[in-house]
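Student:
Spelled out as structure tokens, the structure:
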């Protein structure tokens, strides 16, 4: 009979149901802030629309303030992006997919780190804007892309325990960093017929690799993360238009 009795704790009110309700309420609050951010963004006031991704990146550590003591560092780094407006020129080579694929990276972080509230905060405030930008545009430029990268790295910093988990989660940046590093910035830097393969490579790496290497020895985690990055670099190089990176010159005068 003793085996069927509920376990007694020092905090009898702190049950699984209470935790689940808290997490649900936290998700709803994050999404509500994200929707509010989107509604203001739709007003079209350029000083705001040019910084809306950066504002989402600042809200995430603020929402995590009660969960982790590392939120101040995350907030300080996120605030560095705010002064730089993002007009989408040059555009990230992933185009309108960029912010959605940043959400995929946050999903990889969520699967790898033990503390998931910072990840939920970052994803919740960014999700409405990411969906809207994937449909209406514009694609983020360097400043907006930097804000998305800070959101992922900040969630790693705030939620990871140990270098192995942090290293595994940094892989979740995927093509957000690798693609512009390999092919450069601009909407025409990836062959349209190969964009799908670039997206698939990113999603597979950011969702699978962080979960696989979490808990491994640091040396093994480094090797796995390095192999994943090399694979992404190869796919990125393969996706470049024929002749990209080659010098072009205007035709000169024809000798008489």
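Numbering (this note's numbering), first residue to last: 1 to 256. Glycine is no exception: its CB is placed at the ideal position from the N, C-alpha and C atoms. Owing to the predicted nature of the structure, the values given are computational and were not obtained by experimental measurement.
Under a three-way DSSP split, which group does residue 116 fall into?
Tutor: Under the three-state reduction of DSSP, residue 116 is assigned to coil, being neither helix nor strand.
Student: Residue 304 and residue 147 look like a contact to me (Cβ under 8 Å); what is the Cβ gap, rounded to whole Å?
Tutor: Examination of residue 304 is not possible in this model, given that the chain is present from 1 through 256 alone.
Student: Would you check if there are 3 or more beta carbon pairs closer than 8 Å linking the segment 168-183 to the segment 193-202?
Tutor: yes
Student: Spatial neighbours of residue 262 within its chain, please: CB distance less than 8 Å, with the 5 preceding and 5 following residues excluded, ordered by chain position.
Tutor: This structure cannot speak to residue 262, because the chain is shown only from 1 to 256.
Student: For residue 91, count neighbouring Cβ atoms within 10 angstroms of its own Cβ and tell me buried if that reaches 16, exposed if not.
Tutor: When all chains shown are included, residue 91 counts as buried.
Student: Distance, Cα to Cα, residue 30 vs residue 125?
Tutor: Using only the alpha carbons, I get a separation of about 5 Å.
Student: I think residue 178 touches residue 232, with their Cβ atoms under 8 Å apart; what is that distance to the nearest whole Å?
Tutor: Right, their Cβ atoms sit about 4 Å apart.
Student: Could you give the DSSP three-state label for residue 242: helix, strand or coil?
Tutor: coil
Student: Along the chain, where does the alpha helix (DSSP H) that runs through residue 142 open and close?
Tutor: 142-159
Student: Measuring CB atoms only, is the segment 28-43 touching the segment 128-147, in the sense that at least three cross pairs come out at less than 8 Å?
Tutor: yes
Student: Residue 74 and residue 158 - do their beta-carbons sit closer together than 9 Å?
Tutor: yes
Student: Could you say which of 236, 230 and 70 lies nearest to residue 118 if we only look at CA atoms?
Tutor: 70
Student: Taking residue 197 as the reference, give the member of 216, 210, 184 and 234 with the closest Cα.
Tutor: Cα-wise, what sits closest to residue 197 is 234.
Student: In chain order, what residues of the same chain lie with their CB nearer than 6 Å to the CB of residue 145, ignoring the 5 residues before and after it?
Tutor: 92
Student: In this structure, how does DSSP classify residue 106 when only helix, strand and coil are distinguished?
Tutor: DSSP places residue 106 in helix when its eight states are reduced to three.
Student: Taking a contact to mean a Cβ-Cβ separation below 9 Å, would you say residue 141 touches residue 86 in this structure?
Tutor: For residue 141 and residue 86, yes; Cβs fall inside 9 Å.
Student: Look at the alpha carbon of residue 254 and the alpha carbon of residue 241, and state the distance between them as a whole number of angstroms.
Tutor: Unreliable positioning characterises residue 254 in this predicted model, as indicated by a pLDDT of 40, which lies under 50. A coordinate reading is not provided.
Student: Measure the Cβ-Cβ separation of residue 120 and residue 26 and say whether it is below 9 Å.
Tutor: yes
Student: Based on Cα-Cα distance, which residue from 188, 212 and 181 lies nearest to residue 230?
Tutor: 181
Student: What number of angstroms, rounded off, separates the C-alpha of residue 101 from the C-alpha of residue 226?
Tutor: 20 Å
Student: Near residue 133, which residues of its chain fall below 7 Å by C-beta distance, leaving aside the five closest residues on each side in sequence?
Tutor: 96 and 99
Student: Whole-angstrom Cβ separation of residue 210 and residue 135, contact assumed at under 8 Å?
Tutor: Contact flag wrong, Cβ pair sits at about 28 Å.
Student: Use the C-beta contact count for residue 89: other C-beta atoms within 10 angstroms, 16 or more gives buried, fewer gives exposed.
Tutor: exposed
Student: Spatial neighbours of residue 167 within its chain, please: CB distance less than 8 Å, with the 5 preceding and 5 following residues excluded, ordered by chain position.
Tutor: Contacts found: 213, 218, 221, 222 and 225.
Student: Quick check on residue 20: does DSSP put it in helix, strand or coil?
Tutor: helix
Student: Which of helix, strand or coil does DSSP assign to residue 202?
Tutor: helix
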